[in-house]
Structure formats: C-alpha cells, structure tokens
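Chemist:
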Amino acid sequence: MDDPSDAGCLDAHSSGMAAARPWSQEELRANREARSHRCTLNLAVLRAPLAGVELDSRDHAMLTWLADHDEEVVVGMRNLLDLARAAEPLPET
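Following UniProt numbering, the numbering of the sequence shown begins with 1 at its first residue and continues without gaps.
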C-alpha cells in the first residue's frame, strides 16, 4: 500500500485525513521539499550528457519524469546517455 504521507500520492480522501492531524501539514511540506530537491539534482545529472543537444518540450518532460524516479533508475539512464554520447556516430545509409 502507498504511504499516504507521500506528497505525490495524496488523493482527496487521504489529504482530508492528513489535514486532520496538526503536524501532518509540516510533514507533507517537508516531503514535497525533499522530493523537489531530489528531482532538481537528478535532472542536472540527466541533462549533463545532453549539453549542446537541442531538446523540445517532450524531451524536457521525459527528463523531468525520469528525475522523479529512484536513484538506480537515474544512474542507469545517465550511464546509457554517457555511452551514447561517447559512441561513434552511425554511418549514413
């Protein structure tokens, strides 16, 4: 079962229950701030190997979505981006 204190997983029912606890708003705010900080750091990690590559809004949305995942997902994706960046270009056909 999902943790209802996870700021990204609150539905109308659970957020109403959380509001009934006086300390829960501070807890939710702290969770949102930690998630935002983690996503910001992960986004920088994912964007670094893409320096100089023109990205559209869908690319940015995908990177943001990936940045919200666990560290192992972000590190794995970064490794793939680094490998692709270092690879020889494919021959023109």
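Heads up, the beta-carbon is just placed ideally off N, CA and C, and yes, glycines get one too.
Can you give me the start and stop residues for the alpha helix (DSSP H) that H37 sits inside?
Modeler: Where H37 is concerned, the enclosing alpha helix (DSSP H) stretches over S24 to R47.
Chemist: What residue from A87, M77 and R35 has the CA that sits closest to L46's CA?
Modeler: The candidate whose alpha carbon is nearest that of L46 is M77.
Chemist: Which residues mark the beginning and the end of the alpha helix (DSSP H) in which T93 is found?
Modeler: First-last for T93: undefined, no H or E at that position.
Chemist: By the DSSP assignment, the alpha helix (DSSP H) with E72 in it spans what residues?
Modeler: It spans E71 to A86 - the alpha helix (DSSP H) in which E72 sits, taken as one unbroken run.
Chemist: With three or more C-beta pairs closer than 8 Å as the rule, is the region 45 to 60 touching the region 72 to 92?
Modeler: Yes, the region 72 to 92 is in contact with the region 45 to 60.
Chemist: If P49 and L81 are in contact, beta carbons under 8 Å, what's the gap, nearest whole angstrom?
Modeler: Contact flag correct, Cβ pair sits at about 4 Å.
Chemist: Between E92, A51, V73 and H60, which lies nearest to R85 when the distance is taken from Cα to Cα?
Modeler: The residue with the shortest Cα to Cα distance from R85 is A51.
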